[in-house]
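Enquirer: Please read through the structure below; I'll follow up with questions.
Numbering (UniProt numbering), first residue to last: 1 to 493.
See below:
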């Protein structure tokens, strides 16, 4: 038996069996507010009852533009770096009257016939995953002049990957806006059911839910919903079993009660960036106590949640916005009123509103005016949920043997590494004592680079990534790719 300090962060068979802003945006606000997706038994029963009555696939999805065996470039794919083994389109959600989810699916560069399937969810709430595929971890990056280049660090190096626009109304997805987290989890489940019906060759693959930022709410909720639906699948044979293997969240908001107690910690950062004076810090420390109490009340009284969001944002986040630094990457200056402009993603918006691109990816122009990186109206639907904790879902997943990777770039203020490390250590699961007793160790890459710190035990790992802000795949692409590949392959980090 391996010593605890040597254990993979993934499921070790000797231990477990598998399961049968008010201010800125997390990519949160400067525009948006938002949710915890809690899966209820009622929603799961509805899910399976619906399967019993509706067996046919209803989808407006386009055909794959190419297959893994197609090596020659085609003119119609030049807009996407000449890549042919990808598919774009819509899936109409069968659990809703008029919800259409847009996705971009890219096959693995290695072995698409056996590599796992990964779902990517950008946070917000209300921000599009199309930004991620074109500027972060997709196979083709769009440059400021709207030209494109191959991304050698794309996450589809050893995985088949879906980038999904959700909730309804985000990016190219359309329909009546969702207003509760439970709807989001159920919608993701239904999207996957229909996606697997279209791609039956992917049904038995290991499946991972990944993402960043407000994905810290989306991902645990969606994964726990999938796991519970799998457990009830015996009620009807037409429900497709989803081989859930793990979740990975980057710089996420998962446990606000714990994380907001560590925001002020970033005033003393490893980059020696001066952000606050002592008087301001002292005032913020006092505000932490009130913030925490409001968040605790929010867990039981939903009417308190907006108060918690307002107070905590105004007293613990707003002071940092006066520092002239980007709160999502304190290494960088930012003087924009809308901090999202400091990421300079304007070219992504231009690219995704180009008529020829819209035509090639099959966007329904009758339903959409234009693509936006983030939609404030969508985010506002979840204003009462942002301060609700998602840790119950994470604990459920861990005790079911699902692999969990939490990573955080250490230059991010908004969902900082210290708060993420703290909530992971506070999780109440069967391996808590052993996990917390394991010392963290250097994260050493294949090129012998000291890229961060890692703590892992059994199927849980936390990684602090050096020299990265909120968006690790963009700031540290090589480290990000190596990290996710090891995670997918159940290797030691």
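All C-beta atoms in this analysis are idealised placements derived from N, C-alpha and C, irrespective of residue type, glycine included.
#1: Less than 8 Å between the beta carbons of residue 548 and residue 379, yes or no?
#2: Report the CB separation of residue 247 from residue 388 in whole angstroms; it is logged as a contact under 8 Å.
#3: Roughly how many angstroms lie between the CA atoms of residue 288 and residue 266, to the nearest whole one?
#4: If I measure Cβ to Cβ from residue 222 and keep anything under 6 Å in the same chain, skipping five residues before and after, which residues do I get?
#5: Should residue 212 go down as buried or exposed, given a rule of 16 or more other Cβ atoms within 10 Å for buried?
#6: Unbroken alpha helix (DSSP H) runs of length 4 or more, entirely within the segment 389-449: which are they?
#7: Could you tell me the alpha carbon to alpha carbon distance between residue 417 and residue 77, rounded to whole angstroms?
#8: Does the segment 189-206 come close enough to the segment 394-401 that 3 or more CB-CB pairs lie under 8 Å?
#9: Mind listing, in chain order, the continuous alpha helix (DSSP H) runs of no fewer than 4 residues lying wholly within the segment 76-143?
#10: Is the beta carbon of residue 350 sitting closer than 8 Å to the one on residue 146?
#11: Quick one: grab the DSSP three-state call for residue 383.
#12: Starting from residue 215 and walking both ways along the alpha helix (DSSP H), at which residues does that stretch end?
#13: Between residue 241 and the rest of its own chain, which residues show a CB-CB distance below 6 Å, the 5 nearest in sequence each way excluded?
#14: Would you call residue 443 buried or exposed, if buried means 16 or more other Cβ atoms sit within 10 Å of its Cβ?
#15: Skipping 5 residues on each side, what residues in its chain have a beta carbon closer than 8 Å to that of residue 426?
#16: Do residue 419 and residue 263 have their CB atoms nearer than 8 Å?
#17: Where DSSP assigns a beta bridge to residue 212, which residues make up the other side?
#18: From the DSSP output, which residues share a beta bridge with residue 326?
#19: Our contact map puts residue 100 next to residue 218 with C-beta atoms below 8 Å; I'd like the distance itself, whole angstroms only.
#20: Mapping the DSSP letters down to three states, classify residue 149 as helix, strand or coil.
#21: Give the secondary structure of residue 478 by DSSP, where H, G and I count as helix, E and B as strand, and everything else as coil.
#22: Please check if any C-beta of chain B sits within less than 8 Å of the C-beta of residue 434.
#23: Start and end of the beta strand (DSSP E) containing residue 170?
#24: Starting from residue 460, trace the beta strand (DSSP E) in both directions and tell me its first and last residue.
#25: How would you label residue 324, buried or exposed, when you count the other beta carbons within 10 angstroms and need 16 or more for buried?
#26: For the ligand FMN, is there any heavy atom lying closer than 7 Å to the beta carbon of residue 229?
#27: Going by alpha carbons, who is nearest to residue 421 out of 393, 465, 448 and 450?
Expert: The short version:
#1: This structure cannot speak to residue 548, because the chain is shown only from 1 to 493.
#2: The pair is not a contact, with the Cβ atoms about 18 Å apart (cut-off 8 Å).
#3: Looking at the two C-alpha atoms, the distance is approximately 14 Å.
#4: Cβ neighbours of residue 222 beyond the five flanking positions: 185, 188 and 209.
#5: With 16 or more other Cβ atoms within 10 Å, it is buried.
#6: As summarised for the segment 389-449, the continuous alpha helix (DSSP H) elements at least 4 residues long and confined to that stretch are 391-399, 417-426 and 432-437, given in chain order.
#7: Rounded to the nearest angstrom, the two C-alpha atoms are 39 Å apart.
#8: Using a C-beta cut-off of 8 Å, the segment 394-401 makes no contact with the segment 189-206, since fewer than three inter-stretch Cβ pairs fall below that distance.
#9: The segment 76-143 is shown to contain whole alpha helix (DSSP H) runs of 4 or more residues at 130-135, in chain order.
#10: Taking C-beta atoms as the reference points, residue 350 and residue 146 count as a pair closer than 8 Å.
#11: Coil at residue 383, not helix or strand.
#12: Looking at the DSSP string, the run of the alpha helix (DSSP H) that includes residue 215 is 215-231.
#13: The beta carbon of residue 241 is closer than 6 Å to those of 230 and 233 in its chain, skipping five residues each way along the sequence.
#14: It counts as buried.
#15: Once the five neighbours on either side are set aside, the close Cβ partners of residue 426 are 255, 258 and 391.
#16: Contact: yes.
#17: According to DSSP, residue 212 bridges with 250.
#18: Beta-bridge partners assigned by DSSP to residue 326: 329.
#19: About 18 Å; that fails the 8 Å criterion.
#20: Reduced to three states, the DSSP call for residue 149 is strand.
#21: Residue state, collapsed to three classes: helix.
#22: The structure shown has no chain B; it contains just one protein chain.
#23: Note, residue 170: premise wrong, no beta strand (DSSP E); not H, not E.
#24: Following the DSSP letters along the chain, one finds residue 460 inside the beta strand (DSSP E) bounded by residues 460-465.
#25: By the 10 Å Cβ count, residue 324 comes out exposed.
#26: Although the ligand FMN was asked about, the structure shown includes no ligands whatsoever.
#27: With distances taken between Cα atoms, residue 421 lies closest to 465.
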